[in-house]
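Enquirer:
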Amino acid sequence: MGYMINAQPVVPIEEWKAPFNYARDAAWAVDASDRSVAVVGNRGLVIYDENGAERAWVEMDVPQRAVLIVGERVFTGGDNGISAYSLDGDLLWSAALASGCQRLALLGKDTLLALSGGRIVSFSSLSGRRLRTVERGVTVLATSGTTLVVAKGNRISCLKSEKIAWTRDVGFTAADLALDSDGDVWAIGGESVLLISGRTGSVMWKREFPGTPTAISVLSGGQIPLIGSRDSGVVTGYIESDKGKDYITIVFSSDGEILWRAVYDSGHGDDIAYDVTTTDRGEIIVTGSATNVASD
Numbered sequence: 022m023g024y025m026i027n028a029q030p031v032v033p034i035e036e037w038k039a040p041f042n043y044a045r046d047a048a049w050a051v052d053a054s055d056r057s058v059a060v061v062g063n064r065g066l067v068i069y070d071e072n073g074a075e076r077a078w079v080e081m082d083v084p085q086r087a088v089l090i091v092g093e094r095v096f097t098g099g100d101n102g103i104s105a106y107s108l109d110g111d112l113l114w115s116a117a118l119a120s121g122c123q124r125l126a127l128l129g130k131d132t133l134l135a136l137s138g139g140r141i142v143s144f145s146s147l148s149g150r151r152l153r154t155v156e157r158g159v160t161v162l163a164t165s166g167t168t169l170v171v172a173k174g175n176r177i178s179c180l181k182s183e184k185i186a187w188t189r190d191v192g193f194t195a196a197d198l199a200l201d202s203d204g205d206v207w208a209i210g211g212e213s214v215l216l217i218s219g220r221t222g223s224v225m226w227k228r229e230f231p232g233t234p235t236a237i238s239v240l241s242g243g244q245i246p247l248i249g250s251r252d253s254g255v256v257t258g259y260i261e262s263d264k265g266k267d268y269i270t271i272v273f274s275s276d277g278e279i280l281w282r283a284v285y286d287s288g289h290g291d292d293i294a295y296d297v298t299t300t301d302r303g304e305i306i307v308t309g310s311a312t313n314v315a316s317d
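Heads up: take any position in the sequence shown, counting from 1, add 21, and you land on our numbering.
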């Protein structure tokens, strides 16, 4: 399942269901463009248009863990490899990976990076031709242009044009990374959120997250008065209580200030957020799993 937050104002929250098994499935990853929203889960890929109407549903035999929209193409990463689809759900190409694919990112104009069992493997996004192994021992990655940021254990490294610009020990294993328009690096892990200077690698600030953070995305500044002129970091995850787990999503300013927070509770058990993305219209889309009455 997933929900969409309009960041200006913070409410309303619109809840929607992907065509998965709502009682037993999970929406592992989400990505959005100005024309589409793509969500992947245990049973496949669903593509929505910009108005939220279902555009395509592609059922798959193995769980899909990652999704990335680039122009007119949607890339998915699953337990057997990666695939490319049109926005109408037509298969364009696929490539097998023995260790599956856990993350996807675009480097430069047309180099697709797939995180597979700790290795970053590069492919041509146009043809699916396998290029080479870029890095090893990686847990998460993020890209912007030709800049690649990777986490290896507690250490985060920034590579610019394939050369290491800096490495920083952040004291925790990063769960996710994101790059903003200034080139600064947002990192989450443990119960922390921090912002690292993309130029020097120094930690600009570190804040506590009131729960377990699972994903981060950057909300572009200058479009939403509530957020301000600079980029903000949108962190999602879950909090725990005696009633179970609930989604929590917090927007942090570039100065580390909490701008707002939202909690989702289905009221029927555990609800766990796995991924988050943003749109140019100021929408924040969170996906994960939720418990409903039918699954109790």
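Ideal placement from N, C-alpha and C gives every residue a C-beta, glycine not left out. The structure displayed is predicted, hence computed values, not measured ones.
(1) May I have a chain-ordered list of the beta strand (DSSP E) segments no shorter than 3 residues that lie completely inside the stretch 98 to 141?
(2) Report back the beta-carbon spacing between Thr154 and Ala172 to the nearest angstrom; my notes put them in contact at under 8 Å.
(3) Straight-line CA distance for Ile269 to Ile237?
(4) Short check: CB of Val170 to CB of Val142, under 7 Å?
(5) Taking the beta strand (DSSP E) that Thr168 belongs to, which residues open and close that run?
(6) Nearest-angstrom Cα distance between Thr308 and Thr233?
(7) Under 8 Å, with one C-beta from each stretch per pair, do the stretch 45 to 55 and the stretch 81 to 89 reach the 3-pair mark?
(8) What residue from Gly242, Phe230 and Ile177 has the CA that sits closest to Ser387's CA?
(9) Starting from the C-beta of Leu127, find all residues in its chain whose C-beta is less than 8 Å away, skip the five residues before and the five after it, and write them out in chain order.
(10) For Ala87, which beta-bridge partners are listed by DSSP?
(11) Applying the criterion that 16 or more other CB atoms from any shown protein chain within 10 Å of the CB defines a buried residue, is Ile305 buried or exposed?
(12) Let me know the secondary structure DSSP gives Thr194 once reduced to three states.
(13) Less than 6 Å between C-beta atoms, sequence neighbours within five positions excluded: which residues of the same chain meet that for Leu280?
(14) Might you give, ordered along the chain, the residues of its own chain that have their beta carbon closer than 6 Å to the beta carbon of Thr168, omitting 5 neighbours on each side?
(15) Mapping the DSSP letters down to three states, classify Ala47 as helix, strand or coil.
(16) Output the distance between the C-alpha atoms of Ser107 and Arg94, rounded to the nearest integer angstrom.
(17) Using the beta-carbon count (16 or more within 10 Å), is Ser185 buried or exposed?
(18) What is the C-beta distance between Leu136 and Arg124, in whole angstroms, given that I count them as a contact (C-beta under 8 Å)?
(19) Which value, in whole angstroms, describes the spacing of the CA atoms of Lys130 and Gly65?
(20) Could you name the residues that DSSP lists as bridge partners for Arg282?
(21) Does DSSP put Pro231 in a helix, a strand or coil?
(22) Have a look at the DSSP bridge pairing and note the partners of Lys266.
(23) Counting only the same chain and skipping the five closest in sequence on each side, list residues whose C-beta sits under 6 Å from that of Met81.
(24) Just how far apart, CA to CA, sit Ala77 and Gly110?
(25) Indicate the three-state DSSP secondary structure (helix, strand or coil) for Asp52 in the structure shown.
(26) Near Gly211, which residues of its chain fall below 7 Å by C-beta distance, leaving aside the five closest residues on each side in sequence?
(27) Are the beta-carbon atoms belonging to Val239 and Ala283 less than 7 Å from one another?
Expert: Short version:
(1) 102 to 107, 112 to 117, 124 to 128 and 132 to 137
(2) As a position in the sequence shown, residue 154 is number 133, starting the count at 1. As a position in the sequence shown, residue 172 is number 151, starting the count at 1. Actually they do not touch by this definition, with Cβ atoms about 17 Å apart.
(3) Within the sequence shown, the letter at position 248 stands for residue 269. Within the sequence shown, the letter at position 216 stands for residue 237. Ile269 and Ile237 have their alpha carbons spaced roughly 12 Å apart.
(4) Position 149 of the sequence shown, counting from 1, holds the residue named residue 170. Position 121 of the sequence shown, counting from 1, holds the residue named residue 142. Taking 7 Å as the Cβ cut-off, Val170 and Val142 do not qualify as a contacting pair.
(5) The sequence position of residue 168 within the sequence shown is 147, counting from 1. Unbroken beta strand (DSSP E) run through Thr168: Thr168 to Lys173.
(6) For the purposes of this step, residue 308 is identified with residue 287 of the sequence shown, where counting begins at 1. For the purposes of this step, residue 233 is identified with residue 212 of the sequence shown, where counting begins at 1. Distance between the alpha carbons of Thr308 and Thr233: 15 Å.
(7) yes
(8) Any answer about residue 387 is impossible in this case: the structure gives the chain only from 22 up to 317.
(9) Start at 1 with the first residue of the sequence shown, and residue 127 comes out as number 106. Closer than 8 Å at Cβ, skipping near neighbours: Leu89, Val91, Leu133, Leu134, Ser146 and Thr164.
(10) Here residue 87 refers to the residue found at position 66 when the sequence shown is read from its first residue. In the DSSP output, where bridge partners are listed per residue, Ala87 has Gly98.
(11) By 1-based counting over the sequence shown, the position of residue 305 is 284. Answer is buried; the Cβ neighbour count reaches 16.
(12) Position 173 of the sequence shown holds residue 194. Three-state result, Thr194: coil.
(13) For the purposes of this step, residue 280 is taken as the residue at position 259 of the sequence shown. Closer than 6 Å at Cβ, skipping near neighbours: Val272 and Ser274.
(14) Indexing the sequence shown from 1 puts residue 168 at position 147. Within the same chain, and ignoring the five residues on either side of Thr168 in sequence, the residues whose Cβ sits closer than 6 Å to its Cβ are Lys181.
(15) Taking the sequence shown and counting its residues from 1, the one referred to as residue 47 is at position 26. Here Ala47 sits in coil by DSSP.
(16) Mapped onto the sequence shown, residue 107 falls at position 86. Mapped onto the sequence shown, residue 94 falls at position 73. Computed Cα separation, rounded: 5 Å.
(17) Working through the sequence shown from its first residue, we reach residue 185 at position 164. The question names Ser, yet the displayed sequence has Ile at residue 185. Result: exposed.
(18) Counting from one through the sequence shown, the residue named residue 136 turns up at place 115. Counting from one through the sequence shown, the residue named residue 124 turns up at place 103. Going by Cβ atoms, the distance from Leu136 to Arg124 rounds to 4 Å, so yes, they are a contact pair.
(19) Here residue 130 corresponds to residue number 109 of the sequence shown, with the count starting at 1. Here residue 65 corresponds to residue number 44 of the sequence shown, with the count starting at 1. When rounded, the distance between both Cα atoms is 26 Å.
(20) Start at 1 with the first residue of the sequence shown, and residue 282 comes out as number 261. DSSP, once it has assigned bridges, lists Ile271 as partnering Arg282.
(21) Here the question's residue 231 lines up with position 210 in the sequence shown. If DSSP states are grouped into helix, strand and coil, Pro231 belongs with coil.
(22) The sequence position of residue 266 within the sequence shown is 245, counting from 1. Glu261.
(23) Taking the first residue of the sequence shown as 1, we reach residue 81 at position 60. Excluding sequence positions up to five before and after Met81, its CB lies within less than 6 Å of the CB of Gly65, all in the same chain and listed in chain order.
(24) For the purposes of this step, residue 77 is identified with residue 56 of the sequence shown, where counting begins at 1. For the purposes of this step, residue 110 is identified with residue 89 of the sequence shown, where counting begins at 1. Cα to Cα, Ala77 sits roughly 5 Å from Gly110.
(25) The count along the sequence shown starts at 1 and reaches residue 52 at position 31. Residue state, collapsed to three classes: strand.
(26) Residue mapping note: residue 211 aligns to position 190 of the sequence shown, counting from 1. Within the same chain, Gly211 has close Cβ partners Phe193.
(27) By one-based count along the sequence shown, residue 239 stands at place 218. By one-based count along the sequence shown, residue 283 stands at place 262. No, the Cβ-Cβ distance between Val239 and Ala283 is not below 7 Å.
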